[in-house]
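Taken in order, these protein sequences are the chains called A and B. Just so you know, the first sequence maps onto residues 1 to 223 in UniProt numbering. Just so you know, the second sequence maps onto residues 1 to 267 in UniProt numbering.
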Amino acid sequence: MFKFSASKQLRDFSLDISLQVADGEIMVLMGGNGAGKTTILRLTAGLLTPDTGMIETGKKILYHHQSKINCPVQDRNIGYVFQNAAVFPHMSVYDNVAFGLRARRVDSLELADRTDEWMDRLAISDLAAVRAGHISGGQKQRVALARAMATKPDLLMLDEPFTALDRNNQIAVREWICLCVREQKIPCLLVTHNPADAEAVGDSVCLIDRGRVIEDDNMRMLF
Amino acid sequence: MRQKIGIWFGKGVGAFLILIVCLFLSLPLIALLLRVTPELLATYIPNETVQKALWLSITTSIISMAIVIFIGTPAAYFHSRSYYPGKSFVDTLIDLPLVLPPAVAGLALLLLFGRTGLLGKYLNVIGIDIAFTTVAVVLAQIFVASPFYIRQAKALFEQLDPAYEETAKTLGSSSLRTFLFIILPLCATGLTSGAIMTFARALGEFGATIMFAGNLPGITQTMPLAIYAAMQGDFDVAITISVLLVAISLAIMLTVKLLTDKWRYNV
C-alpha cells in the first residue's frame with residue numbers, strides 16, 4: 001500500500017494532499033495544468049522535498065518529516081516514467097532496459113535474465129540492438145516502462161504516458177501498464193489529462209486543483 | 001512586374017554582399033597559397049625552426065586542451081546546475097578572455113607569475129620559474145582558449161532535458177555514474193567541437209604568449225611566433241609555417257563540421 005500525505009509550498013499555492021493506493025491498483029491523477037499532479041510524483045520520487053508529511057511505499061518509508069527521514073532518490077526503488085519517456089537516445093534498447101540493474105550492481109546473470117524477460121513482455125526484444133534515439137514514440141514508452149519495471153520497483157509512476165502516441169499505441173501502452181501493475185502487484189500513480197485513459201486503466205481517480213484533492217473516488221462512481 | 005524587379009534586385013544585392021564577404025575571407029589565403037610551391041614546402045618543412053615550432057605548438061595546444069577539458073567539464077557542470085551568489089559575475093569572468101586583448105592577458109599573466117609578480121615572487125623562493133618557459137606557453141593558451149570550451153559546455157548542460165538525469169537517478173544511478181554515462185555522452189558532440197575549437201584557438205595564440213612566454217626557439221616559440229620571427233629573416237619559412245597553420249585550421253574546421261553532422265542523436 002502506497003501512502004502519501006504531504007504538503008509543499010509552491011509558487012502560486014500550497015499543495016496539501018493525502019492519497020492511498022493499494023498494491024496492484026492504478027490511481028489516476030487528473031486536473032488542469034499546474035494543479036500539482038506532477039509535483040506529487042516528483043515529491044514521491046525524491047526530486048522535490050515536502051515541507052511536512054510522510055510518504056511510504058509499504059516496504060519503505062521514503063520521507064517522514066518528524067523522524068527526519070528523507071530517502072535519497074537513488075534508494076527509493078520507484079519506477080518513474082517521464083512524460084517524454086526519457087529513453088537514453090545514445091544507448092541501445094537493451095542497455096536502456098538494463099541501465100537500472102547495472103546501476104544497482106545486479107549480478108550479470110540476473111541482469112541478463114531480467115532484461116530479456118522485460119523486453120519479451122513488452123515485445124521489444126527485436127529492438128534490443130537498436131539505438132533508442134531511432135525508435136518510435138510508442139516503442140520509447142515501452143522501453144521506458146520495461147526499464148522501470150526491470151528494477152522491480154515498489155511503486156510505478158507514469159507522467160502522461162499517452163501523450164504524443166497515436167490511438168493504436170495508446171491502447172497498447174494502456175494494456176502494458178495494466179499488465180505490469182496487476183502482475184507485479186505494485187501500486188501505480190498515473191497522471192493524465194484524458195478521462196478516457198482514466199476510465200481504461202484507473203481503479204480510482206483523484207481530481208486535483210491548486211494542490212488540493214477535489215474528488216477522490218472509485219472509477220465506477222465517476223464514469 | 002515592379003514587385004518582381006524588386007525581388008530580383010533584393011536577391012542581386014544579397015548575392016553581391018555574400019560575394020564581397022567570400023572574397024574578403026578567401027583572397028588573402030589565395031595570395032598566400034599562390035606563393036607556395038611543392039619545392040618550397042619540401043625545402044622548408046624539414047627546417048629545424050619549422051619542426052621545433054610545429055612540435056611545440058601541437059604538444060602545448062594538446063596539453064592546454066586536455067587541461068581545459070579536465071577542469072572545465074566538471075566546473076561547467078556544477079556551474080550550470082547550481083545557484084550561488086555571484087554566479088553572473090563568474091559567467092562574465094569565464095567570457096572575459098574572449099574580449100580581452102591577448103597582449104593584455106599576457107601582461108596580466110606576467111604580473112601574476114613573473115619573478116616579481118603577485119604569485120611569482122613566492123614561487124621564485126621555492127625555485128619555480130614560470131614566465132618565459134613552456135609552462136607559460138600552456139598557461140597563456142589556457143587563458144585565452146578556455147572560454148571556447150567552457151561556454152559551450154555550460155550551454156550544453158543547461159539545455160539538456162533534466163528528465164534524462166532524473167530518470168537515471170530514479171533508476172538508482174549515482175550522480176557520478178549519471179554524469180559519466182548519461183550527461184557526457186548526450187553532450188559529447190558539442191563538447192568535442194568545443195574542445196577542437198579550444199585546440200584551434202590555442203594553436204593560433206600569439207599575443208599573450210609573446211608577452212608572457214617570450215619567443216625562445218624550441219622552448220616558447222610556437223608557430224605563430226615563428227612566423228613573426230621569420231618575417232624579419234627568412235620570408236619563405238614564414239610562408240611555409242603559415243601554410244601549415246592554414247592546413248591544420250581547415251582540417252580542424254572540417255572535423256568539427258563532420259562530427260556535428262554525424263554524431264547528432266535523435267533526442
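Note that CB positions come from ideal geometry on N, CA and C, so glycine has one too. Computed from a prediction, not measured in an experiment: that's the story for all the values here.
Neighbourhood of residue i by C-beta distance below 7 Å, restricted to the same chain and skipping five residues each side
i: A/Val181; result: Gly24, Ile26, Leu156 and Cys188
i: A/Pro72; result: Gly46
i: B/Pro147; result: Ile94, Asp95, Pro97 and Leu98
Inter-residue spacing [alpha-carbon to alpha-carbon] between residue i and residue j
i: B/Asp236; j: B/Ile126; result: 43 Å
i: A/Val97; j: B/Leu171; result: 10 Å
i: B/Tyr122; j: B/Ile130; result: 12 Å
i: A/Met221; j: A/Met30; result: Confidence at A/Met221 is low in this model, with a pLDDT of 47, below 50, so its placement is unreliable and the value that follows should be read with caution. Their Cα atoms are separated by approximately 15 Å.
i: B/Val13; j: B/Gln3; result: 15 Å
i: A/Ala129; j: A/Ile135; result: 11 Å
i: A/Lys3; j: A/Asn194; result: 24 Å
i: A/Lys100; j: A/Glu183; result: For clarity, residue 100 of chain A is Gly in the given sequence; the question names Lys instead. Roughly 20 Å separates the two Cα atoms.
i: B/Thr37; j: B/Ile45; result: 12 Å
i: B/Met197; j: B/Asn47; result: 28 Å
i: B/Arg151; j: B/Ser64; result: 16 Å
i: B/Thr220; j: B/Phe70; result: 23 Å
i: A/Glu199; j: B/Ala163; result: 28 Å
i: B/Ser26; j: A/Lys37; result: 58 Å
i: A/Val191; j: A/Ala164; result: 14 Å
i: B/Ala75; j: B/Phe181; result: 18 Å
i: B/Lys87; j: B/Leu176; result: 23 Å
i: B/Gly106; j: B/Ala136; result: 9 Å
Where residue i sits in the DSSP three-state scheme
i: A/His90; result: coil
i: B/Met231; result: helix
i: A/Leu62; result: strand
i: A/Ser136; result: coil
i: B/Phe206; result: coil
i: A/Val106; result: coil
i: B/Gln221; result: coil
i: B/Arg115; result: coil
i: A/Gly202; result: coil
i: A/Phe162; result: coil
DSSP bridge partner residues for residue i (one or two, in chain order)
i: A/Ile177; result: Looking at the DSSP assignment, A/Ile177 forms no beta bridge with any residue, so it has no partner.
i: A/Leu189; result: A/Met27 and A/Met157
i: A/Gly79; result: A/Leu156
i: A/Gln20; result: A/Lys3
i: A/Asn70; result: A/Tyr63
i: A/Glu215; result: A/Leu207
i: A/Gln9; result: A/Ser14
i: A/Arg131; result: A/Ser92
Cβ neighbours of residue i in the same chain (closer than 6 Å, five flanking residues each side left out)
i: A/Ser5; result: Ser18, Gly53 and Met54
i: B/Glu158; result: Ser80
Beta-carbon proximity list for residue i, same chain, < 8 Å, skipping 5 on both sides
i: A/Val81; result: Gln141, Ala144, Leu145, Ala148, Leu156, Met157, Leu158, Asp159 and Pro161
i: A/Thr39; result: Lys8, Leu10, Leu15, Leu48 and Gly211
i: A/Lys60; result: Cys71, Arg76, Asn77 and Asp154
i: B/Ile142; result: Ser64, Ile67, Val68 and Ala202
Span of the alpha helix (DSSP H) around residue i
i: B/Met65; result: Glu48 to Arg81
i: B/Gly14; result: Arg2 to Leu34
i: A/Thr39; result: Lys37 to Ala45
i: B/Leu41; result: Pro38 to Tyr44
The beta strand (DSSP E) enclosing residue i, as first and last residue numbers
i: A/Thr52; result: Thr52 to Glu56
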